[in-house]
Amino acid sequence: MRRSRVSLQQYFALADRRHAQRRTLRKRDDHESHDGDQTGRPWDEKLVALRPEGFPLTASLQLTRDEAAFLLDRWTLKHRDSLLTRLAHDLAKGAAVSDAAQIWMHPDGEQFPSAIRSLIADAHRLSVLIRGAALLYNLELARLAPRRENIIDERAPELAAWAEEELPLCAGWDLDSFWGRVVGKGHTITKPTQDFVRNWLFLALREHKGVAESSDCRQLIRSRESSIKIGGNRSRFENTAARAQWSGKAGLVPLNYRWPVARDFLREWHDGWIAA
Numbered sequence: 014m015r016r017s018r019v020s021l022q023q024y025f026a027l028a029d030r031r032h033a034q035r036r037t038l039r040k041r042d043d044h045e046s047h048d049g050d051q052t053g054r055p056w057d058e059k060l061v062a063l064r065p066e067g068f069p070l071t072a073s074l075q076l077t078r079d080e081a082a083f084l085l086d087r088w089t090l091k092h093r094d095s096l097l098t099r100l101a102h103d104l105a106k107g108a109a110v111s112d113a114a115q116i117w118m119h120p121d122g123e124q125f126p127s128a129i130r131s132l133i134a135d136a137h138r139l140s141v142l143i144r145g146a147a148l149l150y151n152l153e154l155a156r157l158a159p160r161r162e163n164i165i166d167e168r169a170p171e172l173a174a175w176a177e178e179e180l181p182l183c184a185g186w187d188l189d190s191f192w193g194r195v196v197g198k199g200h201t202i203t204k205p206t207q208d209f210v211r212n213w214l215f216l217a218l219r220e221h222k223g224v225a226e227s228s229d230c231r232q233l234i235r236s237r238e239s240s241i242k243i244g245g246n247r248s249r250f251e252n253t254a255a256r257a258q259w260s261g262k263a264g265l266v267p268l269n270y271r272w273p274v275a276r277d278f279l280r281e282w283h284d285g286w287i288a289a
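Quick look at the structure:
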């Protein structure tokens, strides 16, 4: 929709210059307006045409049918193979909006393309694996002086249940294939992070029900904290002031990969799609 690839600050600078200079609109050979030479318009002309009368005073965050159709057209053109586009097309054909708490709980998950199913399976395993690390992390902190018995009484059985009920999902996980699917795809996954995931997976599966008392597992969690919070003695394992502010629930919110945001976004889009 915004056609110029610039930062927000650069966009507003360009907008200021447009208003001040009223530059002449030019068209290139493809008869489309461009902003690369600072003479075109940054917004898709179809989007501009959808502005309500009296804009911006009459603007609303509630989508109209035409606006929803425009979004679907742009998603299809620019991100044809994305899961968001697929789900939007399903909704357009009459599918129900899913209330699934996690994307791997989506009722139509088995119908997703195989590549997307593989990524979702990876996402589920990683969420499970990291939750176990967070449980042990909080348990280890609670064991330090002064001991937080109330937190130990909560985290210890949760970790035991995790090892028994959730961890088996990660057995046989091919991490090499996983890294191949996600590394270099527009975000950075550092080597230390990869090493931690690999080591934690190996140790957790090896120790299984004994993970809470495993010296190797406990040391790995402590080392990870120290490697992340370097400088200034910021590790909660070493800094009593930082530990005093700790709630006992650090990192326990499951990874959801912004699915709740996408789910709500699709619901709002669908409301516009079915609007009269």
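Under our numbering, the first residue of the sequence shown is numbered 14, with each subsequent residue one higher.
Where a beta carbon is used, it is the ideal one built from N, C-alpha and C, also for glycine.
These numbers come from a predicted model, not from an experiment.
In this structure, does DSSP put residue i in helix, strand or coil?
i, result
"GLN23", "helix"
"ASP135", "helix"
"ALA288", "coil"
"LYS106", "coil"
"THR71", "coil"
"SER95", "coil"
"LEU63", "coil"
"PHE250", "coil"
"GLY244", "coil"
"GLY223", "helix"
Can you tell me where the alpha helix (DSSP H) holding residue i begins and where it ends?
i, result
"TYR270", "Counting along the chain, TYR270 falls outside any alpha helix (DSSP H), and DSSP gives it neither H nor E."
"VAL195", "188-195"
"GLN207", "204-220"
"LYS198", "Per DSSP, LYS198 belongs to no alpha helix (DSSP H) and is neither H nor E."
"ASN163", "162-174"
"CYS230", "228-241"
"LEU85", "78-91"
"ALA257", "253-257"
When you compare the CB positions of residue i and residue j, do they come within less than 8 Å of one another, or not?
i, j, result
"LEU97", "ALA275", "yes"
"TRP286", "ALA81", "yes"
"SER140", "PRO267", "yes"
"LEU182", "ARG138", "yes"
"ALA169", "ALA225", "yes"
"SER240", "PRO273", "no"
"LEU104", "LEU279", "yes"
Within 10 Å of its beta-carbon, does residue i have 16 or more other beta-carbons around it, so buried, or fewer, so exposed?
i, result
"ILE116", "buried"
"ASP135", "buried"
"LEU21", "exposed"
"PHE209", "buried"
"HIS283", "buried"
"ALA254", "exposed"
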